[in-house]
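Let me begin by presenting the structure, written as structure tokens, before commenting on it.
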Amino acid sequence: MNRPLSLAALFAVALACSKPEADKRPASSLQPSAASLEAFPGESRLSNITQLTFGGENAEAYWSPDGEFITMQSTRDGRSCDQQYVMRADGSDLKQISDGRGKTTCGWFLPGGERVLFASSTAHDATCPAKPDPSKGYVWPLDKYDLYTVSRDGSDLKRLTNYDVYTAEAVISPDGKKIVFTSLKDGDLDIYTMNIDGTDIRRLTTTPGYDGGPWWSPDSKRIVYRAHHPKDPTELKQYQELLTQGLIRPSKVELFVMNADGSDQRQITALGGANFGPSWSPNGKQIIFSSNFASPRSRNFELYLVNASDSMATADRLERITVFDSFDGFPMFSPDGTKLLFASNRNAKSEGETNVFVADFSWK
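Residues 10 to 373 in the working numbering are what the sequence shown spells out, letter by letter.
This is the structure in structure tokens:
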């Protein structure tokens, strides 16, 4: 994915790249100092916006449990495929922690913040996988990933899963006991949980179609996720045919919530378009996410808040957080709830450039 909804998946299929050198991993990455930006008119909850990365595609940036570090995926250092990085919360001390082979996605800190969980294609293909056939239209590739953990300094890489299919989108529960992830291991794109050590794997979703992008609530009792469930036999057949080719068409994705054991699955948005990247407010009462529902055929994704208790919410029940005419996505609140981390095309110096930003967030 790139989580099937990372920037490469949302805006363009990934570019093929040449085979990297063994362990092509720079000791560190130099970049400009963090830069301050003004919020756009209408972004009343945001202030003191700071740009943390500069150049390339940088996305899926998520906090460590103590809020001192951030892990993200990036195509910096001349790469065509994402690798995993860690930096301090102010953007300093940026370091690549993956080995430079294949591509990576969906990084997440383990309890204590000393190790990072992420998905990588390295065991299946050490090169960047080729882009899908353009004749298929707008599709995401479902490349073969497995889950790994690595020390925050890039040492001691350990493989956690051994599947010959797409397995990614992993997030660790706040209580540190469980991992939730998406996998094709049983023939469809479904959500699973397992213990932090990889044992006790349980399938949570069974409805035909895509279920993914899961995210734990602050109390580790609920999971928000995105899903597309074909509505009729023709649509289901088209979905399944693409799946056999390792592809998925992501134009219609809504948000759902379920209990941690998979029970009480409930659709919370009915917006149309692509709704993705959901995460919880610190009190567990709201969900922030990215959507292009206002213009489903465009690349204009904005951030919105919706009540977690809602059902089939339409636009009139949302609060819009960002006001920008291109991409804002992958939002995550800091552990103390005072800051919002997100990826955006704002202040881009070249077409397709996506960077990581942090802003003070007002709950008043």
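All C-beta atoms in this analysis are idealised placements derived from N, C-alpha and C, irrespective of residue type, glycine included.
Since the structure is predicted, the reported quantities are computational estimates derived from the model, not experimental observations.
For this session: Report back the beta-carbon spacing between A89 and G111 to the nearest angstrom; my notes put them in contact at under 8 Å.
Result: It is worth fixing the name first, because residue 89 is Ser in this sequence and not Ala. That pair is no contact at about 11 Å.
Exercise. Since S299 sits in a beta bridge, which residues does DSSP pair it with?
Worked result: F285, L312
Exercise. What whole-angstrom Cβ distance do G218 and Y234 have, given they're in contact under 8 Å?
Worked result: Wrong, their Cβ atoms sit about 12 Å apart, outside the cutoff.
Problem set entry | Reduced DSSP secondary structure (H/G/I, E/B, other) of D220 | strand
For this session: Would you tell me roughly how many angstroms separate the C-alpha atoms of D32 and T243, rounded to the nearest one?
Result: Residue confidence for D32 is low, a pLDDT of 48 falling below 50, so the modelled location carries little weight; the figure read from the coordinates is stated next. When rounded, the separation of the alpha-carbon atoms in D32 and T243 is 46 Å.
Exercise. What are the boundary residues of the beta strand (DSSP E) that L264 is part of?
Worked result: 263 to 268
Exercise. Distance, Cα to Cα, K246 vs A128?
Worked result: 29 Å
Exercise. Of all the beta strand (DSSP E) runs that stay within the bounds of the stretch 123 to 187, which reach a length of 3 or more residues?
Worked result: 124 to 129, 155 to 160, 176 to 181
For this session: Could you tell me the distance, in whole angstroms, from the CA atom of R326 to the CA atom of L280?
Result: 10 Å
For this session: Give the straight-line distance between the Cα atoms of L201 and D209, rounded to the nearest whole angstrom.
Result: Here residue 201 is Tyr; the residue named in the question, Leu, does not match the sequence. Taking the straight line joining both Cα atoms gives about 10 Å.
Exercise. For L55, which three-state DSSP category applies?
Worked result: strand
Problem set entry | Outcome for K153 when other beta-carbon atoms lying within 10 angstroms are tallied against a minimum of 16 | buried
For this session: Identify, in the order they occur along the chain, each residue of the same chain with its Cβ nearer than 7 Å to the Cβ of P239, setting aside the five sequence neighbours on each side.
Result: So the qualifying residues of the chain are P217, G218, L245, Y248.
Exercise. Whole-angstrom Cβ separation of G293 and L213, contact assumed at under 8 Å?
Worked result: Not a contact, Cβ separation roughly 19 Å.
Exercise. Going along the chain, which residues of its own chain have a beta-carbon closer than 8 Å to the beta-carbon of F366, five neighbours each way excluded?
Worked result: L46, I58, T59, Q60, L61, L350, F351, A352, S353, R355
Exercise. Can you pull the DSSP bridge partners for A236?
Worked result: D220, E263
Problem set entry | Per-residue DSSP class, three states only, for L256 | strand
For this session: Could you spell out where the beta strand (DSSP E) holding Q82 opens and where it closes?
Result: 78 to 83
Problem set entry | Pairwise C-alpha distance: I188 and V180 | 6 Å
Exercise. Hey, which unbroken runs of the alpha helix (DSSP H) at 4 residues or more fall wholly within the stretch 316 to 348?
Worked result: none
For this session: From the DSSP output, read off the bridge partner residues of D369.
Result: S56, K348
Exercise. From what residue to what residue does the beta strand (DSSP E) around E69 run?
Worked result: 67 to 72
For this session: Within its chain, find whatever has a CB closer than 8 Å to the CB of S53; leave out the 5 residues flanking it on each side and keep chain order.
Result: S371
For this session: Please check the pair R168 and A132, which I expect to be a contact at CB under 8 Å, by giving their CB distance rounded to whole angstroms.
Result: With 8 Å as the limit, R168 and A132 qualify as a contact, their Cβ atoms being about 7 Å apart.
Problem set entry | Reduced DSSP secondary structure (H/G/I, E/B, other) of L46 | DSSP places L46 in strand when its eight states are reduced to three.
Exercise. When the distance is taken between beta carbons, is P340 closer than 8 Å to G286?
Worked result: yes
Problem set entry | Own chain residues within Cβ distance below 6 Å of K261, not counting five before or after | H237
Problem set entry | Cβ neighbours of P141 in the same chain (closer than 7 Å, five flanking residues each side left out) | V22, V148, P150, L256
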